[in-house]
Amino acid sequence: MEYYDEVFLNNCIIAEGRRKRPRIDEKSLECPFCFPHEGVVILENKYPIANEWSNPYGQHDVVVDTPLHNELPKDFSLARWEEILFKIQKRWIELSKDEKIQFIQVFKNFGRCGGASISHSHWQILALAEVPEFVQYQYKHYNVKQDCYLCEIGKNASAYKILETEYFIVCSPKAPRFAYETLLIPRAHYQHYGELPEYILKEAALLLQKVIKAYDILEPHCDYNICMMGGALNQQLNYHFHIKIAMRLGNMAGFEVATGCFINMVSPMKATAEMKKLLKE
Ligand SMILES: [Zn+2]
Ligand SMILES: [Zn+2]
2 MEYYDEVFLN NCIIAEGRRK RPRIDEKSLE CPFCFPHEGV VILENKYPIA
52 NEWSNPYGQH DVVVDTPLHN ELPKDFSLAR WEEILFKIQK RWIELSKDEK
102 IQFIQVFKNF GRCGGASISH SHWQILALAE VPEFVQYQYK HYNVKQDCYL
152 CEIGKNASAY KILETEYFIV CSPKAPRFAY ETLLIPRAHY QHYGELPEYI
202 LKEAALLLQK VIKAYDILEP HCDYNICMMG GALNQQLNYH FHIKIAMRLG
252 NMAGFEVATG CFINMVSPMK ATAEMKKLLK E
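Just so we're aligned: the sequence shown equals residues 2 to 282 in the numbering used here.
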């Protein structure tokens, strides 16, 4: 089960098997993702956070998005980004058919500060029989409001708006925890990844390609996370699907560990202005 401490507002999943997972940086014969394949391949995670015997029950996949150990996402073609998003959605839908699954988190950890233990580019899909407590809190907060907060951002001019496209608003959050944190918000209200139509995924692929290229110009070889925000299968927990991209210039330090308040070295005003310039090119 997910551990939740209502006094300290902490939550965690205990996954002791994860300690044994290998750390692979340089090209290594032991890299589990270096096997002959083309394009994007989805595998079972050998060191799962959750599986069919764990508590909570779950499934944990790895998505290897390149056959080449040293190919970087900043150099991926648009066709590759599209293939990634389409294949992950197909798997998302398969996993959602398991009646026990309540929540599916799709994320990419890139680089040590992004939390990646293997440098060969990949994503993870974690499907769980429980919705994490903090996520439930966020969903409830959305439901309290008459109007969806993210639908409103689409309608109103925001100081932190980076770009408007046919189907997306791209912006910095008001209180970004990470440098150049960027949100890709579909203008239309979809609850989760599984619902997104093909034209939305295609535009998301183009925007992800642009953001990751921009990150590399702003901070060459930087680490980052990409998170698909949504995921609860229960329609009672209403949410507006969006994608969060966060540059990781360092790890969580003592102040963050102590207070949950993050120190960010780039203001949202500066991030918005710089990203605006780079994304328009
Ligand atoms: Zn490899
Ligand atoms: Zn909405």
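We treat Cβ as the ideally placed atom computed from N, Cα and C, and that holds for glycine. Predicted model only: the values in this text are computed from it and were never measured.
Here the distance from the Cβ of C35 to the nearest heavy atom of ligand 1 is below 7 Å. In the three-state scheme derived from DSSP, where H, G and I count as helix and E and B as strand, K245 is classed as strand. Between the beta-carbon of K214 and that of K75 there is about 5 Å, and that keeps the pair under the 8 Å contact cut.
Annotation: the stretch 215-277 contains the following complete segments of the alpha helix (DSSP H) (minimum length 4 residues), in chain order: 255-260. Not one heavy atom of ligand 1 sits closer than 7 Å to the Cβ of H243. Runs of alpha helix (DSSP H) with 4 or more residues, each lying fully within the stretch 18-65, are absent. Taken atom to atom, the span from the alpha-carbon of L234 to that of Y58 is near 15 Å. With a 10 Å radius around the Cβ and a threshold of 16 neighbouring Cβ atoms, Y200 comes out exposed. DSSP places L129 within a strand segment (E or B) once states are collapsed to three.
Pairing L280 with L184, the inter-Cα distance amounts to about 13 Å. When the Cα atoms are used, L79 and V41 turn out to be separated by approximately 13 Å. Inter-residue distance for H190 and P269 is about 24 Å (C-alpha atoms, whole angstroms).
Counting other Cβ atoms within 10 Å of its Cβ, V258 stays below 16 and is therefore classed as exposed. Taking C-alpha positions only, S173 is separated from I50 by approximately 30 Å. The three-state reading of DSSP puts Q106 in strand, counting E and B together. The continuous beta strand (DSSP E) containing Y4 extends over residues 4-6.
The DSSP-derived three-state label of L73 is coil. Secondary structure within the stretch 169-208: the beta strand (DSSP E) runs of 3 or more consecutive residues, fully enclosed, are 169-172, 180-187 (chain order).
In terms of Cβ geometry, I43 and R92 form a close pair [threshold 8 Å].
Counted as a single uninterrupted DSSP element, the alpha helix (DSSP H) harbouring I89 occupies residues 79-97.
DSSP places C152 in the helix class (H, G or I) of the three-state scheme. In the structure shown, the three-state DSSP call for K162 is strand. Comparing C-alpha distances from I102 to each of P133, E83, I119, I85 shows the shortest one belongs to P133. The residues L202, A205, A206, in chain order, have a CB closer than 7 Å to that of L86 in the same chain once the five nearest residues on each side in sequence are set aside. Taking the Cβ of H70 as the reference point, at least one heavy atom of ligand 1 falls within a distance shorter than 7 Å.
Burial is judged here by how many other beta carbons sit within 10 angstroms of a residue's own beta carbon; F77 has at least 16 and is buried. About 7 Å separates the CB atoms of I105 and S97; that is less than 8 Å, so the two are in contact.
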